[in-house]
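Residue numbering for the sequence shown follows the numbering used here, beginning at 6 and increasing consecutively. Quick reminder that beta carbons are idealized off the backbone N, C-alpha and C, glycines included. Reviewing the structure listed below.
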Amino acid sequence: MKRFPLVPTIAPLILAVATLPLRADLLAYDPFDADFNDASGNDNHLTIAEGAPAIITSAGDFIFGGGALDNDSTVSDRAFLELSTPLTFAAGDTWTIAFWARRRAGSDQRQGMVVGDVNNTTDFIWLSDNPTQVQGLRFRSTDNTNFNFEIGADDAQWHHWALVADGTGNLSLYRDNTFVGTESSTTTFSLRNVAQAYNTNVHSMNGQIDELYVYNEALDEAAIEALFLGASATELRITALDLSTAGTVAVSWSSTPGETYELRYSRDLQDWSSFDGGSVEAAGESTTLAVDLASIEAASEERLFFRVVKP
Ligand SMILES: [Ca+2]
Ligand SMILES: [Ca+2]
């Protein structure tokens, strides 16, 4: 009996992607690949409000998609972006905010504001490296309540952060796809700015931010894992495998008309191979490609993994 585990674009777990919420729940998605635009479909684009936030595209300086936000601030000069329409959450609202961030080595211990509102001393998500405050993440609500998540001294490396508010006062943090903890108080929040969220200069982010997602619902662990692994609620995913024809596996995935996709396969989830005929144009909102297993010398494999990429 052959088994054909499903593999989405990067994630090794199809269940992680299959349980992602629908597009309607995604309020904003800033991939920072080429510009500061919102890719969620809501057109809530970011613009430079102060300083010179930039897109950085060198290898290692972004996580996914070819680019990240590079914010080069000092303790006396701040740099940040502003949403065209601020996002506001009441105490009973569910929300999830997830992002990758890397504080620049040698940053001041305060330089780590990620999102919030620059016009006040509340409303922030802050990657503080200040041992007298918090070394990790502090969320401060609109109601001026602090949620501290202690991690330890910053290592100037990329980390993935996901904060989940359940609408009943509980705020849970996941870091690098690992549950950190839950703190409880008021989870009101106003998100107006990216890379700065406090009314003094010293707190601007000095480093990179990538793949910022804002949802109006509390994502579950599988959805957070999918974000960590590089999938998103609006991107492609494998939707079906059909093994009903002997010697063939038909792989179906969600697609966007006009796009070209490449189906790749792997025997070990490490090395991925392309094959003749594996690059196809979208057939519509769903695309299916039947793979002749003999043609990729996989007719007698015990296990075979597939993933779909947009080259
Ligand atoms: Ca990116
Ligand atoms: Ca603030």
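Alpha carbon to alpha carbon, how far is residue 245 from residue 258? 7 Å
Note down, in chain order, each residue of its chain lying with its Cβ closer than 6 Å to the Cβ of residue 284, except the 5 sequence neighbours on either side. 267
Are residue 211 and residue 107 touching if we call contact CB-CB under 8 Å? no
Taking 7 Å as the cut-off, does the CB of residue 58 come closer than this to any heavy atom belonging to ligand 1? no
Evaluate residue 369 with the Cβ neighbour count: other Cβ atoms within 10 Å of its Cβ, from every protein chain shown; 16 or more gives buried, anything less gives exposed. Residue 369 is absent from the model: the chain starts at 6 and stops at 316.
Please confirm whether any heavy atom of ligand 1 lies closer than 7 Å to the CB of residue 72. yes
Residue 69 Cβ short of 7 Å to ligand 1 heavy atom set: yes
Once you ignore the five residues that flank residue 220 on each side, which residues in its own chain have a CB closer than 6 Å to its CB? 30, 31 and 101
Can you name the start and end residues of the beta strand (DSSP E) that residue 132 belongs to? Looking at the DSSP string, residue 132 is not in any beta strand (DSSP E), and its letter there is neither H nor E.
Can you say whether residue 36 is buried or exposed, counting buried as having 16 or more other CB atoms within 10 angstroms of its CB? buried
With DSSP as the reference, label residue 3 as helix, strand or coil. Since the first and last residues shown for the chain are 6 and 316, residue 3 lies out of range.
Determine whether the beta carbon atoms of residue 140 and residue 159 lie at a separation below 8 Å. yes
Note down the Cα distance separating residue 313 from residue 72, rounded to an integer number of angstroms. 21 Å
Throw me the rounded Cβ distance for the residue 166 and residue 104 pair, which I believe falls under 8 Å. 6 Å
When you compare the CB positions of residue 148 and residue 202, do they come within less than 8 Å of one another, or not? no
Apart from the five residues on each side of it in sequence, which residues of its chain come closer than 8 Å, Cβ to Cβ, to residue 260? 241, 266, 287, 288, 289, 290, 291 and 292
Could you give the C-beta distance for residue 99 and residue 172, rounded to a whole number, given that I count them as a contact under 8 Å? 4 Å
Rounded distance between the beta-carbons of residue 269 and residue 279, thought under 8 Å: 6 Å
Measure how close the beta-carbons of residue 87 and residue 51 come, nearest whole angstrom, since I'm counting them as under 8 Å. 7 Å
Stretch pair the stretch 220-230 + the stretch 50-64: three plus CB contacts closer than 8 Å: no
Residue 90 to residue 184, Cα distance in whole Å? 31 Å
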